[in-house]
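Asker: Sharing a structure with you now.
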Amino acid sequence: KPLAGGTILETPFGKIAVPNITPDRETGLGNWTEADFRRAMREGVSPGGKRLYPAMPYPAYARMPDADISALWAYLKTVQPVRQAVEPNLLPFPYNIRALMVGWNWLHPSLAGFAAVPGKSAEWNRGAYLVTGPGHCGACHTAKTFLGADRATALTGASLQGWFAPEITDAKPHGIGSWSIDDIVAYLKSGWNSHAAATGPMVEVVENSTSQMTDADLRAIAVYLKDQPAGAVTRTANALPASDPAMRAGGKLYQDNCVGCHGWDGKGERLIFPPLAGNAVLLQPSAESLTRVVLEGAQAAGTKSAPTAPAMPSFAWKLDDGEVAALLTYIRNSWGNEAAPVSAASVAKIRANLRGR
0 KPLAGGTILE TPFGKIAVPN ITPDRETGLG NWTEADFRRA MREGVSPGGK
50 RLYPAMPYPA YARMPDADIS ALWAYLKTVQ PVRQAVEPNL LPFPYNIRAL
100 MVGWNWLHPS LAGFAAVPGK SAEWNRGAYL VTGPGHCGAC HTAKTFLGAD
150 RATALTGASL QGWFAPEITD AKPHGIGSWS IDDIVAYLKS GWNSHAAATG
200 PMVEVVENST SQMTDADLRA IAVYLKDQPA GAVTRTANAL PASDPAMRAG
250 GKLYQDNCVG CHGWDGKGER LIFPPLAGNA VLLQPSAESL TRVVLEGAQA
300 AGTKSAPTAP AMPSFAWKLD DGEVAALLTY IRNSWGNEAA PVSAASVAKI
350 RANLRGR
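Quick note on my numbering: the sequence shown kicks off at 0 and runs consecutively.
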């Protein structure tokens, strides 16, 4: 049920259960005060001094002003209470010791409040606030240190829960450098544009969050993202020649399994089948997301502006690890795409992880 918790977040430190934030008095926030809520949002401390893990992105929420936190609290009080206890976290020692978060917070202090950047437009600053504050985009799209804090290379892509959140800086071809501001707005509003379609966890983000935002806020986000530079590390790859054995094998598999929807030219069909040619999601240094989509299938976002939400079937039953690897290698190196080949071993690892869920 909405906001009643229970979702399991798989982190490098163990499994964390998302709590119930409905106003139920026994299992939710029913006995919290607004001051309790504000402290949890900004400091990561719940009533009684219980420390929260940064899987709850309080380092980002700390940028929210009192007015926004009060508005969020007022909304949560109107939600239907749901009595639903969640499973305990499954964190091995020493990560199960919440008191250690005192040290984590000291090493990684939250940036209290949001300060507008002089010389930037009001629209840019609004976008900066939404991306780095309540939107907490870096929680997925910024790589983490071994302690789980953000690295300095913000928004340059990261692995999370078996997916690879792609780079969303203005980089080409791995980021959104080829996207216009209108492209970004369309993607966040509908889950689609001429370059890509939302998949994996981003589907929930679009359906539950960005598709509900105003056009002005979506444009502000786009303006800010288009001004973010690529990471310091330049990722390069030379396209494999068509004569490469993996490309030949992958081309035959593409013809048999994919061409009917995505086309010989890899351009797909607008709002039905996403393009593969020039799709930045497919060109990331990691092929985790692409591999999962082929193995599990995918369901597009369903929004007011794009309600169809077409689906792609799973091919795990049909293609073995070597075939999946060849197919992905072909897709990542055709129609002008250039990305590292995919190995059968990496596909096997992801398949095994999916079976273990």
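We put the beta carbon where it would ideally sit given N, CA and C, even for glycine.
When you compare only the Cα positions, how much space is there between residue 124 and residue 111?
Answerer: Near 16 angstroms, if we compare the C-alpha coordinates of residue 111 and residue 124.
Asker: Shortest alpha-carbon distance to residue 344 belongs to which of 304, 243, 118, 323?
Answerer: The residue with the shortest Cα to Cα distance from residue 344 is 323.
Asker: Buried or exposed: residue 36, going by 16 or more other Cβ atoms within 10 Å of its Cβ?
Answerer: Buried.
Asker: Measuring only the C-alpha atoms, how far is residue 320 from residue 250?
Answerer: The straight-line gap from Cα to Cα measures roughly 16 angstroms.
Asker: Under the rule that 16 or more other beta-carbon atoms within 10 Å means buried, what is residue 113, buried or exposed?
Answerer: The residue is buried, with at least 16 neighbouring Cβ atoms inside 10 Å.
Asker: Output needed for residue 44: all residues of its chain with C-beta closer than 8 angstroms, excluding positions within five of it in sequence on either side, in chain order.
Answerer: Contacts found: 38, 50, 51.
Asker: Counting along the chain, where does the alpha helix (DSSP H) carrying residue 193 start and finish?
Answerer: Run containing residue 193: none; DSSP gives neither H nor E here.
Asker: Taking the DSSP output, what are the residues bridged to residue 310?
Answerer: Beta-bridge pairing links residue 310 to 298.
Asker: Between which two residues does the beta strand (DSSP E) harbouring residue 162 extend?
Answerer: Taken as a continuous stretch (DSSP letters only), the beta strand (DSSP E) holding residue 162 covers 162-164.
Asker: What are the complete alpha helix (DSSP H) segments, minimum 4 residues, inside the region 314-352?
Answerer: Taking only runs of at least 4 residues, the alpha helix (DSSP H) segments lying wholly in the region 314-352 are 320-330.
Asker: Pairing CB atoms from the region 323-336 with CB atoms from the region 280-287, are three or more of them under 8 angstroms?
Answerer: With a cut-off of 8 angstroms, the region 280-287 and the region 323-336 count as touching, because enough Cβ pairs lie within range.
Asker: Whose C-alpha, out of 134, 64, 158, is nearest the C-alpha of residue 145?
Answerer: That would be 158, whose Cα lies nearest to the Cα of residue 145.
Asker: Can you give me the start and stop residues for the alpha helix (DSSP H) that residue 71 sits inside?
Answerer: Note, residue 71: alpha helix (DSSP H), 65-75.
Asker: Going by DSSP, which residues form a beta bridge with residue 13?
Answerer: Note: residue 13 sits in a beta bridge opposite 10.
Asker: Note the first and the last residue of the continuous beta strand (DSSP E) segment covering residue 159.
Answerer: From DSSP, the beta strand (DSSP E) with residue 159 extends over 157-159.
Asker: Please tell me whether residue 294 and residue 252 are closer than 8 angstroms, where the distance is taken between their beta carbons.
Answerer: Cβ atoms of residue 294 and residue 252: not closer than 8 angstroms.
Asker: Measure the C-alpha to C-alpha separation of residue 128 and residue 245 and round it to an integer number of angstroms.
Answerer: Each residue's Cα considered, the two are about 45 angstroms apart.
Asker: Below 8 angstroms, can you find three or more Cβ-Cβ pairs linking the region 146-156 to the region 267-280?
Answerer: Touching, no, given that fewer than three Cβ pairs across the two stretches are closer than 8 angstroms.
Asker: Between residue 8 and residue 0, which are expected to be in contact by the criterion C-beta below 8 angstroms, what is the C-beta distance as a whole number of angstroms?
Answerer: Residue 8 to residue 0, Cβ: 18 angstroms. No contact.
Asker: Would you tell me roughly how many angstroms separate the C-alpha atoms of residue 348 and residue 198, rounded to the nearest one?
Answerer: Using only the alpha carbons, I get a separation of about 20 angstroms.
Asker: Is residue 317 buried or exposed, if buried means 16 or more other CB atoms sit within 10 Å of its CB?
Answerer: Residue 317 is exposed by the Cβ-count criterion.
Asker: Specify the secondary structure class of residue 280 as computed by DSSP and reduced to three states.
Answerer: Residue 280 falls in the helix class under three-state DSSP.
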